[in-house]
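If you count by mature numbering (1 follows the signal peptide of the UniProt record, and there is no 0), then the sequence shown holds residues -17 to -1, 1 to 506, one letter each, in order. Worksheet for the structure shown next.
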Amino acid sequence: MARRALKLASWTSVALAASGICLYSNKYLDPNDFGAVRVGRAVATTAVISYDYLTSLRSVPYGSEEYLQLRSKVHLRSARRLCELCCANRGTFIKVGQHLGALDYLLPEEYTSTLKVLHSQAPQSSMKEVRQVIREDLGKEIHDLFLSFDDTPLGAASLAQVHKAVLRDGRTVAVKVQHPKVQAQSSKDILLMEVLVLAVKQLFPEFEFMWLVDEAKKNLPLELDFLNEGRNAEKVAQMLKHFDFLKVPHIYWELSTKRVLLMEFVDGGQVNDRHYMERNKIDVNEISRHLGRMYSEMIFVNGFVHCDPHPGNVLVRKRPDTGKVEIVLLDHGLYQVLTEEFRLDYCRLWQSLIWTNMQSVRKYSQRLGAGDLYPLFACMLTARSWDSVNKGIGQTPVTTTEDSEIRNHAANYLPQISQLLNRVPRQMLLIFKTNDLLRGIEAALGTRASASSFLNMSRCCIKALAAHKKQKTCSLFRRARISLREAVSLWKINLQELVLHLKGLRLTGWVWALLCWLLPASH
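This is how it looks when you write it as structure tokens:
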């Protein structure tokens, strides 16, 4: 098998390296970006990782303690090699690596913890390259457009970087500039990944990673179009305008193109920065509730979901004018549009999970493509053990032991997880990623799997399902009945929320609040 791996890698390397030079050509290339170098690096890394798995584990009894320890070491070595490849090839490779690093409860911890560094290690374009992109897209030099333009970027990501600047009229803006090499390299990078994934499948038939390539093919062109990002930002701002705690920066269309995006500059601390919140007297529970309400409405009610809520894209602050807490949502390049059928089945599934209706959990998991793997699907979706799912995810708090067990078991179920990810609707893949990123934020804030978050989700599910039923009937009487049931269900949710709030108060505080209510002060 090892000989087969080397033979396959050799032929793949020769074929791809031969075509690499002609595939990669654009005026920004440095020697590190030539096709032969990039392709050869990717093929060599894939071959080494494959060889490591094939040879390191074959002489150890499967499932033994020695096997598990050795497998963890191979996972870690392979994750580091993959991370080095992503950093070297940049662009699309970093984007895909970041996606994998976000799947905390789906992939082995050795991979997710190693690949997470890619969020903070994205390469920067030089100011020469930034000026070139702005000149080509806006037709003017930087000094003609801006009073000032910070050379050091506020942040650099896999596809672009953001600079702070001041327009000629005095407005402070954030300027997002695409890395000049990404556009030309992206389609070839995806083709290369597809070939490598197919090659790996020949060696490890039980692993299905084509879903990753399919997602990159679909989403990367959209993320590289900054005009699409601007439209998404305006759409979600309008959609959630009733949330006074949400801030989406204004887009300046007159100075925006497919590779340059100008938006209002908004400052704040990252959503997982508890020290920032303590300094600014921001309640972490309030932030967690706001985030839960916002995403529940996106997913269950509107079916239009911001799918990259890593901490760098979600800021918190106190509004300068009112002092109220505000969530600033950035980077609107990656959204998932949910079909009505998927959205409603997803609503019903979460209702079943929250209220522990296991027959319905099975039914709606299977309708979403899980088949006989529905218990694994429910565990992946909730990041809870099957035992907790059966007892009720709203009834049993997450423990450190359960959380670590889930992460460790991800390695044991990797073939089934990859099979499931290849089987479910493609809409589900970004939802998995979004869920895991949000759980990471909740874990950092210490609000993971709180009962109030499930009540928020349930409230949105009730509204979405009631709206669908009312839309499907012309009878005023039936609509009235649906509205009444909806009102009763929401009243029950509000009552449960009140009970939770009272339980959270200290006894003396509760008694004082009760007395104040019973004996109001006379004026």
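Beta carbons: idealized from backbone N, C-alpha and C, even for Gly. As the structure is a computational prediction, the values presented were derived from the model and not from experiment.
Do you know offhand how far L321's Cα is from N202's? Here the C-alpha atom of L321 lies approximately 14 Å from the C-alpha atom of N202.
Buried or exposed: which applies to Q52, given that a residue is buried once 16 or more other Cβ atoms fall within 10 Å of its Cβ? Q52 is classed as exposed because its beta carbon has fewer than 16 other beta carbons within 10 Å across all chains shown.
How many Å lie between I4 and A19 at the Cα? Note that I4 scores a pLDDT of 40, beneath 50, so its modelled location is shaky; the value from the coordinates is reported in the next line. Going by the C-alpha atoms only, they are around 5 Å apart.
The alpha helix (DSSP H) with K123 in it runs from where to where? Counting along the chain, K123 falls outside any alpha helix (DSSP H), and DSSP gives it neither H nor E.
Under 8 Å, with one C-beta from each stretch per pair, do the region 222 to 239 and the region 303 to 313 reach the 3-pair mark? Between the region 222 to 239 and the region 303 to 313 there are three or more C-beta pairs closer than 8 Å, enough to call the two in contact.
With a Cβ-Cβ cutoff of 7 Å, do K453 and R464 count as a contact? Not in contact: K453 and R464 (Cβ atoms no closer than 7 Å).
Using C-beta distances below 8 Å, list every residue in its chain close to D419, excluding the 5 sequence neighbours before and after it, in chain order. These residues qualify, in order along the chain: A85, L86, D87, Y88, L89 and A366.
Below 7 Å between beta carbons: does that hold for A139 and Q107? Yes, Cβ-Cβ distance for A139 and Q107 is below 7 Å.
Is the CB of E48 under 7 Å away from at least one CB in chain B? Note that chain B does not occur in the displayed structure, where there is just one protein chain.
Using alpha carbons as the reference points, say which of E112, L150, Q253 and Y94 lies closest to D127. Per the Cα distances, L150.
Per-residue burial, D250 [other beta carbons within 10 Å of its own, 16 or more giving buried]: The C-beta of D250 has fewer than 16 other C-beta atoms within 10 Å across all chains shown, which makes the residue exposed.
Excluding the five sequence neighbours on either side, which residues of its own chain have a C-beta within less than 8 Å of the C-beta of E198, listed in chain order? The beta carbon of E198 lies closer than 8 Å to those of H82, R409, L412 and L413 in the same chain, with the five residues before and after it left out.
Beta-carbon proximity list for S39, same chain, < 7 Å, skipping 5 on both sides: Taken in chain order, the residues that qualify are L53 and V57.
At which residues does the alpha helix (DSSP H) containing Y357 begin and terminate? Y357: member of the alpha helix (DSSP H) spanning Y357 to T365, first to last residue.
Endpoints, the beta strand (DSSP E) within which Q144 is located: Looking at the DSSP string, the run of the beta strand (DSSP E) that includes Q144 is A143 to L150.
Which residues does DSSP list as the beta-bridge partners of Y318? Answer is H289, bridged to Y318.
Assign K99 to buried or exposed, taking buried as 16 or more other Cβ atoms, counted over all protein chains shown, within 10 Å of its Cβ. With 16 or more other Cβ atoms within 10 Å, it is buried.
According to the Cβ coordinates, are A143 and V160 closer than 7 Å? Taking a C-beta distance under 7 Å as the contact criterion, A143 and V160 qualify as a contact pair.
Does the beta-carbon distance from G354 to V407 come in below 7 Å? Not a contact, by the Cβ cut-off of 7 Å.
Given this structure, state the Cα-to-Cα distance separating N211 from M222, to the nearest angstrom. For N211 and M222, the distance between alpha carbons rounds to 16 Å.
So, helix, strand or coil for K416, using DSSP? Here K416 sits in helix by DSSP.
Give the DSSP-derived three-state secondary structure of residue 555 in the structure shown. With the chain represented from -17 up to 506, any question about residue 555 goes unanswered, as that position is not in the structure.
Quick check: the region 60 to 68 against the region 120 to 137, are at least 3 beta-carbon pairs closer than 8 Å? The region 120 to 137 makes no contact with the region 60 to 68; the number of CB pairs closer than 8 Å stays below 3.
Helix, strand or coil for V249? Go by DSSP, reduced to three states. V249 carries a coil assignment under DSSP once its states are collapsed to helix, strand and coil.
Spell out a yes or no on whether the region 289 to 297 and the region 440 to 460 are touching, meaning 3 or more CB-CB pairs, one atom from each, closer than 8 Å. Inter-segment contact for the region 289 to 297 and the region 440 to 460 is absent: fewer than three beta-carbon pairs are separated by less than 8 Å.
Do I173 and K147 come within 7 Å of each other at the CB atom, strictly closer than that value? Their beta carbons are not under 7 Å apart, which means K147 does not touch I173 by this criterion.
Should E469 and A447 be called a contact, given that it needs their Cβ atoms to be closer than 7 Å? No.
Sorted by chain position, which residues of the same chain lie with C-beta nearer than 8 Å to residue 508's C-beta, five sequence neighbours on each side aside? Since the first residue shown for the chain is -17 and the last is 506, residue 508 is missing from the structure and cannot be characterised.
Measure how close the beta-carbons of A394 and P91 come, nearest whole angstrom, since I'm counting them as under 8 Å. So it is a contact: roughly 4 Å between Cβ atoms.
Hey, V267 and M277: beta-carbon distance below 7 Å or not? No, they are not a contact pair.
In three-state DSSP terms, what is L12? In this prediction, L12 has a pLDDT of 48, which is less than 50 and means its spatial position is unreliable; what the coordinates show is noted afterwards. Looking at L12 - three-state DSSP - the assignment turns out to be coil, as it is neither helix nor strand.
Distance check for V165 and L12, CA to CA, integer angstroms please. With a pLDDT of 48 at L12, under the threshold of 50, the predicted position of this residue should be treated as unreliable, though the coordinate-derived value follows. Rounded to the nearest angstrom, the gap between the Cα atoms of L12 and V165 is 11 Å.
Hey, how far is the Cα of V372 from the Cα of V145? Looking at the two C-alpha atoms, the distance is approximately 42 Å.
Run the CB neighbour count on W194, radius 10 Å, all protein chains shown included, and call it buried at 16 or more, exposed below. Result: buried.
I'd like to know whether the C-beta atoms of L332 and I376 end up nearer to each other than 7 Å. Cβ atoms of L332 and I376: not closer than 7 Å.
Could you tell me which whole alpha helix (DSSP H) segments of length 4 or greater appear in the region 451 to 483? None, since the region 451 to 483 contains no complete alpha helix (DSSP H) of that length.
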